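As they're listed, the protein sequences go chains A and B. The numbering used here numbers the first residue of the first sequence as 25 and each following residue consecutively. The numbering used here numbers the first residue of the second sequence as 4 and each following residue consecutively. In this text, a Cβ means the ideal position worked out from N, Cα and C, and glycines have one as well. Note that the structure is predicted; figures quoted are calculated from it, not measured.
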Amino acid sequence: MDATSRTFVANARAGLQDADLQTSLARFQGGFQVKRADAAKRLPEFEALRDEAKAIKDHVLAHLDHYLERYEEQVTAAGGAVHWCQTPEEARKIILSLCREADAKTVTKSKSMIAEEMELNPFLEEHGIEPVETDLGEYVVQLADERPSHIIAPAVHKTRDQVADLFHEKHTPLGRTRRLERVEELVEEAREVLRPRYLAADVGITGANFLIAETGSSAIVTNEGNGDLTQILPRMHIVIATLEKVVPTLEDATTIMRVLARSATGQEFSTYTTVSTGPRRPDDADGPEAYHVVLLDNGRSRMLGSEFREVLRCIKCGACMNHCPVYGTVGGHAYGWVYPGPVGAVLTPNLIGLEEARHLPNASSFCGRCEEVCPMRIPLPGLMRKLREQEFDQRLSPVAVRTGIGAWAWLARRPALYRCMTGLGIRVLGMLGRRRGRFTQMPLAGGWTAARDLPAPEGATFHALWRKGRRA
Amino acid sequence: MSAASGRDAILGSIRRSLGRGPLDEAARAAVDERIAQPKPNIVPARTDIPQDERVELFTSMAEAVFATVDRVSGPDAVPGAVADYLAQHNLPPALVMAPDPALDAYPWGERPMLAIRRGNAEEPDRVGVTGAVMGFAETGTLMMTSGPEHPSTLNFLPETHIVVLPAEKIGGAYEEGWAHLRAEGGADADGGFMPRTVNLVTGPSRTADIEQTIALGAHGPRRLHIVIVEGDAP
């Protein structure tokens, strides 16, 4: 999809001024945070499971080629097929040819961020195939012609009132003319509108939370059951997944599942965990006749060899964005591409280029909550810092910023001079601000003083106080 | 680009990033051994309890996620429990039931008012009745597998799903389910033991996509009712 990460600063400003977005954001983070903390508390083994989950993924990444080969062997043995795609373009082409093979007119889809990465919906539409999103949040986003703003709660930016208006507008042509008020009514209407779509679909596309090398299975977790109706009713089931989703065994998938739902929504377990292996068996009562896995690289194999390998442990639970003060202030759309929040700030520059997304790793206060709650213990602030260093080294930031940082670095490497200059500076500022105790304007600090005053320093520098304190 | 070259290019790129060629024999054998002899990792201790307490834990965990649980004294009481549940919820006494021989053992004939069809769920079936392979006390989760005797559509299409589960099929952790499937599918099957679909179901369908307000029955069943049968399984 076309990224708007370049204009992060303007996007963020727009987000701050969007009253509906601010209402939605104010509501959502608190709930997720409390539920996650409670779920973690209820399971004494939670921290040990996080360590184990991390170790499993590290082991897989170090042997990724072999696990993928073993996985493919088992998919083939179960009667399915794996399609290896380096780029989103290749993946879309394969999916289109599979849809044509199934003579597909409509395709139901269960939530997948990889589908967003490959801009699958507009592509299918261009080729005369209608994609129908079935996850409620994704359905809302599709009706509104928007993008998901959160990886597990795609419509978290919308208020109930906005959804009510949207359904009223889009469902009126279907003969549903009453504007609904309550959440249960809206969910009910979506259920009734989507049910015939499931039954009519020729192909069902799902993502995958896990690919299991032992059995050649794909596994998804949902709460709505939409991923199940999507895959068992149509003639063909297509799974789209990226390379790093593979795990060795059912037991390994299980360990990660135990931290996934707890970190994401604070549930003990998601409502539906579904493990799918190949097409229906000859004597099965139902299920798809064909099973295909479209395996997408899109830069992951390259990242594996970079200093950002650790982000490939991500299981897309959303905990980092549920706990991020920046995400909670500007919303997910500001990040401008598929993955918002802290994990997006690391993934996006790696996948679409740092030049395109250089603002994202800067959109962090480095408070560290994302790393604290990440079930896979990805050191997100540390990885963002590496991207900031690359931004500086590659001269991507504006001249004024680079000059400023360069000057500060020059000074900071000369401690005696640094202490002298800061000591002098603080005395001058203290004298200038003596009367009012604050500055409303400051050269080179217009960004700070535009929205608040800068307090005038009192007394000595931190360094000086520290030395004095130690001697005392 | 042909599919084969895409595969080679991706594997080549992975190996370049890992700074090595294909795994050597010893490393390969170690990884293959890990797949061939799957071992449980840390399993939460909460299910290390006697069987009767596991049934209690299963019940309370399932109820916490909006399932309803009824415990009956033996197989003979099952048809009555199902009929009563339908009546209490103003549901018609008509249901579609999995063609599962284990369900034949309950005396459905003693409830002639129940109209029972055996087979796949179709629109507009409102009530589905199935068994389950196992229950897991860990989170009140049911395991169901697809096959000729259990259409997966029964787990999702009808708005009410009733599951009849002998108490002895309630285990502790999910790992017991994988061990069961391996044993049933034949240990030498080399991954071939998996049915097409394994559903782990924990409560009825739900969504919180609008303002984080939980609503039941998003796409799957609005109601999940579990009838636990004490005594010997029929």
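The bridge partners DSSP lists for residue 229 of chain B are B:72 and B:166. 158, 159, 160, 161, 162, 163 and 164: these are the residues of the segment 149–165 of chain A whose beta carbon lies less than 9 Å from some beta carbon of chain B, given in chain order. Cβ-Cβ distances below 6 Å link residue 334 of chain A to 402 in the same chain, with the five nearest sequence neighbours on each side left out; the list follows chain order.
Judged by DSSP secondary structure, residue 234 of chain A falls within the beta strand (DSSP E) whose first and last residues are 234–236. Under the DSSP assignment, residue 139 of chain B falls in the beta strand (DSSP E) whose first and last residues are 137–139. Residue 109 of chain B sits in coil when the DSSP states are folded into three classes, being neither helix nor strand. If you draw a straight line from the Cα of residue 39 of chain A to the Cα of residue 62 of chain A, it is about 30 Å long. For residue 131 of chain B, the uninterrupted beta strand (DSSP E) segment begins and ends at 130–133. Chain A places a beta carbon closer than 8 Å to that of residue 215 of chain B, counting this residue as a contact. For residue 212 of chain B, at least one C-beta of chain A is nearer than 8 Å to its own C-beta.
Taken through DSSP and simplified to helix, strand or coil, residue 463 of chain A comes out as strand. Residue 220 of chain B and residue 212 of chain A have their C-alpha atoms some 8 Å from each other. Spatial neighbours of residue 314 of chain A in its own chain (CB-CB distance under 6 Å, excluding positions within 5 residues in sequence) are listed in chain order as 260 and 303. The Cβ neighbour count for residue 49 of chain A, taken over all protein chains shown within 10 Å, is at least 16; the residue is labelled buried. Neighbourhood of residue 272 of chain A in chain B, by CB distance below 7 Å: 37 and 38, in chain order. In the structure shown, residue 121 of chain B adopts extended strand secondary structure according to DSSP, grouped into three states. Using beta-carbon distances, residue 197 of chain B counts as an interface residue toward chain A, with a partner under 8 Å.
The beta carbons of residue 228 of chain A and residue 312 of chain A sit about 7 Å from each other, so the pair counts as a contact at 8 Å.
The alpha carbon of residue 350 of chain A has as its nearest neighbour, out of A:362, A:339, A:368 and A:341, the alpha carbon of A:368. For residue 210 of chain B, the three-state secondary structure derived from DSSP is strand.
The three-state secondary structure of residue 150 of chain B, taken from DSSP, is strand. Identification of chain B residues near residue 409 of chain A by a Cβ-Cβ cut-off of 9 Å yields none; the smallest Cβ-Cβ distance measures about 22 Å.
The DSSP assignment places complete alpha helix (DSSP H) segments of no fewer than 4 residues inside the segment 351–408 of chain A at 351–354, 365–376, 378–381 and 393–397, in order along the chain. In the structure shown, the three-state DSSP call for residue 243 of chain A is strand.
Neighbourhood of residue 303 of chain A in chain B, by CB distance below 8 Å: 199, in chain order. Annotated as distal: residue 441 of chain A and residue 45 of chain B, with beta-carbon spacing of 8 Å or more. Counting only residues of its own chain and dropping the five nearest sequence neighbours on each side, residue 388 of chain A has a CB closer than 7 Å to the CB of 350, 366, 369, 405 and 408. Ranked by Cα distance from residue 297 of chain A, the first of B:131, B:161, B:179 and B:144 is B:144. Secondary structure of residue 98 of chain B (DSSP, three-state): strand.
For residue 237 of chain A, at least one C-beta of chain B is nearer than 8 Å to its own C-beta. Taking a contact to require three or more Cβ pairs closer than 8 Å, the segment 55–71 of chain B and the segment 122–140 of chain B qualify as touching.
Using beta-carbon distances, residue 109 of chain B does not count as an interface residue toward chain A, since no partner is under 8 Å. In terms of Cα proximity to residue 115 of chain B, the closest of B:127, B:98 and B:126 is B:98. If you look at residue 302 of chain A, you'll find it isn't in any alpha helix (DSSP H); DSSP assigns it neither H nor E.
With respect to the C-alpha of residue 163 of chain A, the residue from A:150, A:179 and A:149 having the closest C-alpha is A:179. Apart from the 5 residues on each side of it in sequence, residue 277 of chain A sits with its Cβ closer than 7 Å to the Cβ of 234, 236, 243 and 271 in its chain, given in chain order.
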